[in-house]
Amino acid sequence: MNIEKENNTELFFKELKSKTCNPEILYNLSLKGIYLYKPLYLYKRIKYHEYVVDISLMYKQYFKIYNDRQYDRLIEKFEKYESKNNTYNKNEYRQLIILNEYIIKKLVNDNNNSYILTLLNEYSHISLYCLLKYNYISYKIFDYFKYNTISYSDFIFITFYIAYYLKENINLSNISKYIGNSYVSCHLKSEFGKDIIALEFIIINICNNIKYDYCYAPLRLYPIYPLNLLKKISSKIYEPNILYLKCDDKNIEDFINSICGDIELNNIHSKGPSAFSKVCESFLFECKITYDKNNFTITNYKDSENSYIKREDLWFGNKDLFNFNFELKKYHLKYNERYNYSYREIDKFSLIFRDKYLNDDELPKVLKDPEYILYKSENDTTMEHNYFYTIIIRCCVIGSLIYNNKSKFVINTLTELLNNYVPLSYNFKENRLYFEPTERDIGVFEDMEEWMEDYHNLFYYTISSTSNAKFNKRKIII
């Protein structure tokens, strides 16, 4: 094990608990190497200090922002990430920020920097939820921009994040009605295992209700704890592995069986010393444990069990999990059905939409109120079950928000969600929408010669050919 790191960790938490807690001492210890297995917002003597940002990001631990100094520090850190490495995993760091009311207010009102903190892809649902929770968007906007279904892994993350960190009244045990226990257990522990307090909550409220909670993931737990604590936690979060590594070196045996799940142990079992050597090089080097890669055996090998996912129920409209005081709808957003119509039909849809919703009488209403078009279209039966209309209405909402210089963070969040269905991006600095072709659009276009232009062109021309020049110029095609 890494004695120096474990000693630093002991000193770090001792300083955290002392009445004269010194942030400089904490920061310097973190630079030397520690195991940060508890969020710093739990400690009142450090929770408001800007070093919370540095230390939490350094060790990928969840944290909260409470004041302007911390917020400015956060922006500074992410600007450095952006400038140094554009390929870094943005969500991996951004999702560490617990979106309390303070930071949502800052993001909504910061039209200069908040783009670097926008959650991406399905994780944008967390931002969308918080914008509704703190009254920055209406339920109508929320309803129209949430997904009809969310991937099971992101659904597990989002649901737990909202229930645990945002303190919403959600019965997490109900997740198992729609996603098999092995999936739920594995993803919760993998995503939130770095936070020992959250992990204890997961064990008590979810895992203890699972009859046979075995680990079939490659890892039971990442080596982010001191070794003694690592063994203790590993024994609590899952049943003992079906597979077990035996080794003459007891330290190696305890360590590998604490972090490895059956998949990784099976990999060692099937591939032999080379796989064992790879695991040791990946993890034992960090913990400074010596090993002999040729001296091991595995016992009790069995196959793992199957699980299930009810994908159609993985959305915010699931009443077993979410308690909204309004009804949510599923809209026609099936991307793979966008070419069910011919080019001429879609071109006709575009003309009808412009004549009905973007004419000289209606356009001022659309521009004045971003939600106007949502209410106007909901009783229009010609708009139902049509991918083109479903998307173009949302584009108009975003366009109206841009026209009225509304919060860029709100616009960026909505665009990020809509980007799942249409090649659309938002230029934060220019305050403009960009319609971009994607590889899958180009591929379809090549196979369909009668299409004179692709969907991104049709979306663009539909909402950029109005009589309002200011509204039109906020959309650009690439």
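Residue numbering for the sequence shown follows my numbering, starting at 926 and increasing by one per position. Where is the CB? At the ideal position from N, CA and C, for every residue including glycine. This one's a predicted model, so the numbers in the text were calculated from it and none came from an experiment.
Quiz prompt | Validate contact between the stretch 1114 to 1133 and the stretch 1150 to 1169 using beta carbons, cut 8 Å, 3 pairs | solution = yes
Quiz item: Does the distance from the C-beta atom of TYR973 to that of TYR984 stay below 8 Å?
Solution: What you label residue 973 is simply residue 48 of the sequence shown in a count that begins at 1. What you label residue 984 is simply residue 59 of the sequence shown in a count that begins at 1. Result no, Cβ atoms of TYR973 and TYR984 do not sit closer than 8 Å.
Self-check item: Closest residue to TYR1006 among ASP997, TYR1018, TYR1069, VAL977 (Cα-Cα distance)
Solution: For the purposes of this step, residue 1006 is taken as residue 81 along the sequence shown, with counting starting at 1. Considering only alpha carbons, the answer is TYR1018.
Self-check item: Reduced DSSP secondary structure (H/G/I, E/B, other) of ASN1060
Solution: In the sequence shown, counting from the first residue as 1, residue 1060 sits at position 135. Looking at ASN1060 - three-state DSSP - the assignment turns out to be coil, as it is neither helix nor strand.
Quiz prompt | Cβ neighbour criterion (16 or more within 10 Å) applied to GLU931 | solution = The count along the sequence shown starts at 1 and reaches residue 931 at position 6. Buried, by the Cβ-count rule.
Quiz item: Mapping DSSP to helix, strand and coil, what is TYR1359?
Solution: In the sequence shown, the residue the question calls residue 1359 occupies position 434. Strand, per DSSP.
Self-check item: Identity of the residues DSSP links to ILE1234 by a beta bridge
Solution: As a working note, residue 1234 is residue 309 in the sequence shown. Note: ILE1234 sits in a beta bridge opposite ILE1104.
Quiz item: In the stretch 1255 to 1302, which residue ranges form an unbroken alpha helix (DSSP H) of at least 4 residues, counting only runs that do not cross its ends?
Solution: 1268 to 1282, 1288 to 1293, 1297 to 1302
Practice problem: Would you decide whether LEU1032 is buried or exposed? Buried here means 16 or more other CB atoms lie within 10 Å of its CB. | Solution: Position 107 of the sequence shown, counted from the first residue, corresponds to residue 1032. Buried is the call here.
Quiz item: Cβ atoms of PHE1085 and LEU1113: under 8 Å apart, would you say?
Solution: For the purposes of this step, residue 1113 is taken as residue 188 along the sequence shown, with counting starting at 1. For the purposes of this step, residue 1085 is taken as residue 160 along the sequence shown, with counting starting at 1. Yes, they are a contact pair.
Quiz item: Do the CB positions of LEU1288 and THR1387 come within less than 8 Å of each other?
Solution: Numbered from its first residue, the sequence shown carries residue 1288 at position 363. Numbered from its first residue, the sequence shown carries residue 1387 at position 462. Cβ distance not < 8 Å, so LEU1288 and THR1387 don't count as in contact.
Practice problem: Figure out for me which residue from VAL1335, LEU1349, LEU1358 has the closest Cα to the Cα of LYS1030. | Solution: As a first step, residue 1030 must be located in the sequence shown, where it is residue number 105. Selected option, being the one with the closest Cα: VAL1335.
Quiz prompt | Three-pair Cβ contact test at 8 Å for the stretch 1288 to 1299 versus the stretch 1353 to 1363 | solution = no
Quiz item: Quick check: the stretch 1294 to 1304 against the stretch 1058 to 1073, are there 3 or more CB pairs under 8 Å?
Solution: yes
Quiz item: Name the DSSP beta bridge partners of TYR1351, please?
Solution: As a working note, residue 1351 is residue 426 in the sequence shown. Its beta-bridge partners are LEU1358.
Exercise. Would you mind stating whether PRO1148 and ILE1095 have Cβ atoms separated by less than 8 Å?
Key: Locating residue 1148 in the sequence shown gives position 223, counting from the first residue. Locating residue 1095 in the sequence shown gives position 170, counting from the first residue. Taking 8 Å as the Cβ cut-off, PRO1148 and ILE1095 do not qualify as a contacting pair.
Quiz item: When burial is assigned at 16 or more other CB atoms within 10 Å of the CB, is ILE928 buried or exposed?
Solution: As a first step, residue 928 is located in the sequence shown; it is residue number 3 there, counting from the start. The residue in question, ILE928, is exposed, as its Cβ has fewer than 16 Cβ neighbours within 10 Å.
Exercise. Note down, in chain order, each residue of its chain lying with its Cβ closer than 7 Å to the Cβ of GLU975, except the 5 sequence neighbours on either side.
Key: Stepping through the sequence shown from its first residue, residue 975 is reached at position 50. Contacts found: ARG994, GLN995, ARG998.
Quiz item: Rounded to the nearest angstrom, how far is the Cβ of TYR960 from that of TYR1150, given a contact under 8 Å?
Solution: Taking the first residue of the sequence shown as position 1, residue 960 is located at position 35. Taking the first residue of the sequence shown as position 1, residue 1150 is located at position 225. Right, the Cβ-Cβ distance comes to about 6 Å (below 8 Å), so this counts as a contact.
Quiz item: If you drop the 5 nearest sequence neighbours on each side, which residues of the same chain put their C-beta closer than 8 Å to that of ILE1075?
Solution: The residue given as residue 1075 occupies position 150 in the sequence shown. Excluding positions up to five away in sequence, the list reads GLU1047, HIS1050, ILE1083, LEU1239, TRP1240.
Quiz prompt | Backbone CA spacing between ILE1127 and ASN1393 [nearest angstrom] | solution = Residue numbering aside, residue 1127 sits at position 202 when the sequence shown is read from its first letter. Residue numbering aside, residue 1393 sits at position 468 when the sequence shown is read from its first letter. In a straight line, the C-alpha of ILE1127 is about 54 Å away from that of ASN1393.
Quiz item: So TYR1059 packs on GLU1026, CB below 8 Å; how close in whole Å?
Solution: Working through the sequence shown from its first residue, we reach residue 1059 at position 134. Working through the sequence shown from its first residue, we reach residue 1026 at position 101. With a Cβ gap of about 5 Å, TYR1059 and GLU1026 count as contacting.
Quiz item: For LYS1102 versus ASP1245, is the C-beta spacing smaller than 8 Å?
Solution: If you number the sequence shown from 1, residue 1102 lands on position 177. If you number the sequence shown from 1, residue 1245 lands on position 320. Cβ distance < 8 Å, so LYS1102 and ASP1245 count as in contact.
Exercise. For the alpha helix (DSSP H) holding LYS930, just list the boundary residues, first then last.
Key: Position 5 of the sequence shown, counted from the first residue, corresponds to residue 930. LYS930 -> alpha helix (DSSP H) spans 928 to 942.
Quiz prompt | Segment limits, alpha helix (DSSP H) that includes TYR976 | solution = Within the sequence shown, residue 976 is the residue found at index 51, counting from 1. Taken as a continuous stretch (DSSP letters only), the alpha helix (DSSP H) holding TYR976 covers 976 to 983.
Quiz prompt | Selection from VAL978, ASN1016, LEU1024 that minimises the alpha carbon distance to LYS1002 | solution = Start at 1 with the first residue of the sequence shown, and residue 1002 comes out as number 77. Selected option, being the one with the closest Cα: VAL978.
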